């Protein structure tokens, strides 16, 4: 059995639910109140890949989304092997044009590391402003997987992190052989 540590990022605008997604994945909890991330927060979670043959420790970096942190966040990108790029399904500007800005910014420092695009807050269907087909079309152009999540309900959260872990591990294997 192999043991590996992979650094992954969560990036996207402020208040799209990056921290709540991480807390749902790592601790299986949901906190309704918003607490702004200052700079970066770090979380860890172990999981198994390849039918339990590889133990992966995910080092999950929660990158602040506020504009005022744009110059420091680049330092946090170093060494990342993948990213969840998160937008809020109820706030259109977090998707367009901002998602493309996040991806370009990230890739300008990391190269084309694997991404998974996440449309968060799918539980707020009545307030939805981004159609699933539009988000999927964008993801196809990147190209990257697209998953809709709800940190509140837990929908799609494990799937998103597991998909990125798999892609990041494959990327690491390709770049380190």
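Residue numbers (my numbering): 1228 to 1404. For each residue, glycine too, the CB sits at the ideal point set by N, CA and C. Note that this is a predicted model, so its numbers are computed, not measured.
The DSSP assignment places 1325-1337, 1359-1368 as complete runs of the alpha helix (DSSP H) inside the segment 1304-1388, in order along the chain (cut-off: 4 residues). The segment 1274-1281 and the segment 1306-1319 do not touch, with fewer than 3 CB-CB distances between them shorter than 8 Å.
With at least 16 other beta carbons inside 10 angstroms of its own, residue 1246 counts as buried. Put simply, the segment 1352-1359 does not touch the segment 1395-1404. Fewer than three CB pairs are less than 8 Å apart.
Straight-line measurement puts the Cα of residue 1270 at about 19 Å from the Cα of residue 1259. Here residue 1284 carries a strand assignment [DSSP, helix/strand/coil].
Here DSSP, grouped into helix, strand and coil, assigns residue 1270 to strand.
By the C-beta density criterion, residue 1273 is exposed, having fewer than 16 other C-beta atoms within 10 angstroms. Per DSSP, residue 1234 is one residue of the beta strand (DSSP E) stretching across 1229-1238.
Sixteen is the threshold: since fewer than 16 other Cβ atoms of the shown chains lie within 10 Å of the Cβ of residue 1370, the residue is exposed. Residue environment analysis places residue 1375 among the buried positions, since at least 16 neighbouring C-beta atoms fall within 10 angstroms of its C-beta. Taking the Cα of residue 1255 as reference, the smallest distance to any Cα among 1384, 1395, 1398 is reached at 1384. Looking at the DSSP output, residue 1275 sits in a beta bridge with 1282.
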